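Asks:
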Amino acid sequence: MRYRPALTAAKATVVLAVLPALLLAGEAGHAVSEPAAAPSDDPGRRRGDVTLAPGPLPDVADTVTRSGPAKGLTVLTARQSGLRVHAFGAGASRAADGTAVGVMPATGEESQEWLVRPSAGGELVLQSLLSSSDDAGALVLTTDPDDSVYLQHERPAGPDGDPGQLWTFEDGSGPSDPGRGGPGFRVIAHRGGCLLDNGYGERLTVGQCEDPRAWWTAGQPVGHAVRPALPSGS
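So the sequence shown is numbered by the numbering used here: it starts at 41 and just counts up by one.
(1) Mind checking whether Tyr190 and Val246 have CB atoms under 8 Å apart?
(2) From the DSSP output, in three-state form, read off Arg253 for me.
(3) Tell me, please, which residues DSSP counts as bridged to Glu210.
(4) Less than 6 Å between C-beta atoms, sequence neighbours within five positions excluded: which residues of the same chain meet that for Asp237?
(5) Using DSSP's beta-bridge definition, name the partner residues of Gly169.
(6) By DSSP's criteria, Pro158 is part of a beta bridge. Which residues make up the other side?
(7) Quick check: the Cα distance between Phe128 and Leu116, rounded to an integer number of angstroms?
(8) Find the nearest neighbour of Lys111 within the set Leu164, Leu170, Ala146, judged by alpha-carbon distance.
(9) What is the DSSP secondary structure of Ser151, counted as helix, strand or coil?
(10) Going by beta carbon distance, what residues of the same chain come within less than 8 Å of Leu244, once the five residues before and after it are set aside?
(11) Short of 8 Å in beta carbon distance, which residues of its chain neighbour Glu242, apart from the five on each side in sequence? Order them along the chain.
(12) State the DSSP-derived secondary structure class of Gln192, mapped to helix, strand or coil.
(13) Tell me which residue opens and which closes the beta strand (DSSP E) that Ala118 is part of.
(14) Who are the near neighbours of Glu153 in its chain, counting only those whose CB is closer than 8 Å to its CB and skipping five residues on each side?
(15) Where do the N-terminal and C-terminal ends of the beta strand (DSSP E) with Gly247 fall, by residue?
Given below as structure tokens:
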């Protein structure tokens, strides 16, 4: 029979004394060896009792710029050329029926300022700030079936007005350039097609909305203290 030494009282006392330290060391080693949990990619993840937002909200100014003006006085600038919509041949703040409209560098004159008015049907009328030379009424941006664009006396035809004088602004994912005010919007004719920038001194036309020349931005005109009021009910 093999002899197995008995556990003496002294040895038992030593074991009991070091046991807590051994247990604590084991737990610490386990904590160090266990990898930390990776941060969650869930946009709705919670930290304690606080729900974390998925990210910053879109810039408000960018949203407004892309939408286009709903009403009021504005200038329209072509995204591609940086030129403004301009009524040609205007003199002394007056223009004739049939005046051509194109794009030119900014002048600060009334020939480049437009009053955006909602029509009864919800589309928009773009009224030139120029007075009619024959005092026959407001001059508004007009397009014909041949896609030409010019100023003509406003000529209502039923509750929605003349289809050739009705427009809508449509925002979208146009080519972005921070130096030119963001993606902008397209000016869509009631008959179909979009207003196109044809370059310096050239007349505007209506054409394919996929064309890069169809993108515009809007801004506030400066230099005139007196502004026409919106028609009653607008």
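Built from N, CA and C at the ideal position, the CB exists for glycine as well.
Predicted, not measured: the structure shown is a model, and the values here were computed from it.
Replies: So, from the listed chains and residues:
(1) no
(2) helix
(3) Arg226
(4) Ala118, Gln120, Ser121, Val143, Arg253
(5) Before going on, a small fix: residue 169 reads as Leu here, not Gly. Answer is none; Leu169 lacks a bridge partner.
(6) Leu164
(7) 15 Å
(8) Leu164
(9) helix
(10) Val125, Val141, Gly142, Val143, Val189, Leu235, Leu236, Asp237, Asn238
(11) Gly142, Val143
(12) strand
(13) 112-118
(14) Leu113, Thr114, Val115, Ser168, Leu169, Pro261, His264
(15) 245-247
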